[in-house]
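Encoded as structure tokens, the structure appears first; notes follow it.
Numbering (mature numbering (1 follows the signal peptide of the UniProt record, and there is no 0)), first residue to last: -27 to -1, 1 to 396.
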């Protein structure tokens, strides 16, 4: 029988009361007192639990809630619910303050889960009323691709900064409108290229740019998945603008550009659209394309909607190869490296500490707004991808090579590198 008398409870309390004396007792016996950490410049600093050889820990130390950038999330679909809203919990500089949805019940349910007040719920028709809500400093547009331009323009007119999901738009003309609208309104426009803020991809870029394994010659990427039955908006051309190319092929295209820092001068493309599969009545299934860069680097990308998931990226240089597999997933990215090591061939595998990719991306957006600097993936970055995808479709339909204008500098469409990286 367990003794739960008042005497036993008081005895336990007395024992707990003595806990703070352990440090003093240890010191009296010649033992060092426990290291408990301290506050420095408003941040908690704790002693490392790891030896120096094992790397250091980074405490989140997020901004106090009142100082975080207030974001209205526009669109409540799979990406919002599975990645973006959970990403706010790991973010340091942003918070969700409003939701915009065509379904009031869905909006109220999600608002209750994340502490968004009912007064900050908007439908698409009433979206312009965000102008009068000072809690909303920016919007994150997570709508079907064909709606990106309209809501970017409306947000800019309402005086809000814009973070927009990729692909930026469904045409070059729409992307140009978005850039113009935000520039004229004096608002930031950032395209949500999450992997350009990811430490694994930044490491890949570093290996290529420093020529650790010699001169880069070839880059290959595959990004495939097996989509569900018909009915998704991504299978409707009027909403998506295309099939696998703008959705998941864009990851391959984008990677080729930021690894090299160059813009392609020649583009080829092919697409397949199975006749008997209702998923592909309006859009392509497989998209395959090649890019030729001024330095001589040749890149080939393949994306598809009817295959088992495969997401890999590899760069081949004169003295070795390096890549990621998986490369384009939301987590568990892993780097693989192969090179000569004397008479042998060495292979390495590097796994990176996880951090929510959307948290890192949103935090960069907030820092750019607070510091009034250009985002790393501003609207011009998305616009350039739209131009190249248009050239790929042109090549696929015409069966030839499409020439692209050369750029006179590296990273011509990108802003400064992010201060924080992760994911």
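Beta carbons are placed, not taken as given, at the ideal position from N, Cα and C, and that holds for glycine.
On a predicted model such as this, the values are computed, not experimentally measured, just so you know.
For residue j and residue i, the rounded distance between their alpha carbons
{"i": "residue 271", "j": "residue 218", "result": "18 angstroms"}
{"i": "residue 216", "j": "residue 210", "result": "7 angstroms"}
{"i": "residue 39", "j": "residue 65", "result": "12 angstroms"}
{"i": "residue 70", "j": "residue 92", "result": "10 angstroms"}
{"i": "residue 363", "j": "residue 146", "result": "11 angstroms"}
{"i": "residue 161", "j": "residue 224", "result": "23 angstroms"}
{"i": "residue 293", "j": "residue 185", "result": "9 angstroms"}
{"i": "residue -3", "j": "residue 11", "result": "Low confidence applies to residue -3: its pLDDT is 49, below 50, so where it sits in the model is not reliable, and the reading given next is rough at best. Going by the C-alpha atoms only, they are around 21 angstroms apart."}
{"i": "residue 353", "j": "residue 57", "result": "23 angstroms"}
{"i": "residue 34", "j": "residue 90", "result": "25 angstroms"}
{"i": "residue 329", "j": "residue 28", "result": "20 angstroms"}
{"i": "residue 355", "j": "residue 279", "result": "26 angstroms"}
{"i": "residue 130", "j": "residue 80", "result": "24 angstroms"}
{"i": "residue 257", "j": "residue 143", "result": "14 angstroms"}
{"i": "residue 73", "j": "residue 85", "result": "14 angstroms"}
{"i": "residue 9", "j": "residue 63", "result": "24 angstroms"}
{"i": "residue 104", "j": "residue 133", "result": "8 angstroms"}
{"i": "residue 32", "j": "residue 96", "result": "38 angstroms"}
Helix, strand or coil at residue i according to DSSP, with G and I counted as helix
{"i": "residue 151", "result": "helix"}
{"i": "residue 66", "result": "coil"}
{"i": "residue 260", "result": "strand"}
{"i": "residue 176", "result": "helix"}
{"i": "residue 235", "result": "coil"}
{"i": "residue 283", "result": "strand"}
{"i": "residue 385", "result": "coil"}
{"i": "residue 125", "result": "helix"}
{"i": "residue 15", "result": "coil"}
{"i": "residue 315", "result": "coil"}
{"i": "residue 196", "result": "strand"}
{"i": "residue 139", "result": "coil"}
{"i": "residue 244", "result": "strand"}
{"i": "residue 93", "result": "helix"}
{"i": "residue 46", "result": "strand"}
{"i": "residue 41", "result": "coil"}
{"i": "residue 102", "result": "helix"}
For residue i, the residue or residues it bridges with in DSSP
{"i": "residue 271", "result": "191 and 265"}
{"i": "residue 222", "result": "Its beta-bridge partners do not exist; DSSP assigns none."}
{"i": "residue 349", "result": "Looking at the DSSP assignment, residue 349 forms no beta bridge with any residue, so it has no partner."}
{"i": "residue 295", "result": "288 and 310"}
{"i": "residue 158", "result": "Paired residues: none, contrary to the question."}
{"i": "residue 320", "result": "311"}
{"i": "residue 403", "result": "Only positions -27 to 396 of the chain appear in the structure, and residue 403 is not among them; the question remains open."}
Residue i burial status per 10 Å Cβ neighbour count (16 or more: buried)
{"i": "residue 53", "result": "buried"}
{"i": "residue 300", "result": "buried"}
{"i": "residue 140", "result": "buried"}
{"i": "residue 260", "result": "buried"}
{"i": "residue 275", "result": "buried"}
Residue i beta carbon near the ligand PLP (any heavy atom closer than 7 angstroms)
{"i": "residue 360", "result": "Annotation note on the ligand PLP: not contained in the displayed structure, which lists no ligands."}
Proximal residues to residue i (C-beta, below 6 angstroms), its chain only, five neighbours per side dropped
{"i": "residue 302", "result": "284"}
{"i": "residue 357", "result": "386"}
{"i": "residue 180", "result": "295"}
{"i": "residue 242", "result": "262, 365, 368 and 369"}
{"i": "residue 337", "result": "170 and 391"}
{"i": "residue 61", "result": "69"}
{"i": "residue 106", "result": "none"}
Proximal residues to residue i (C-beta, below 7 angstroms), its chain only, five neighbours per side dropped
{"i": "residue 383", "result": "234 and 235"}
{"i": "residue 150", "result": "122 and 126"}
{"i": "residue 251", "result": "203"}
{"i": "residue -6", "result": "Here the model assigns residue -6 a pLDDT of 45, short of 50, so the residue's position is not dependable and the matter cannot be decided."}
{"i": "residue 16", "result": "34"}
{"i": "residue 207", "result": "213 and 220"}
{"i": "residue 169", "result": "231, 349 and 350"}
{"i": "residue 178", "result": "231 and 232"}
{"i": "residue 264", "result": "229, 237, 240 and 272"}
Sequence-distant residues of the same chain with beta carbon closer than 8 angstroms to residue i, five excluded per side
{"i": "residue 282", "result": "197, 198 and 199"}
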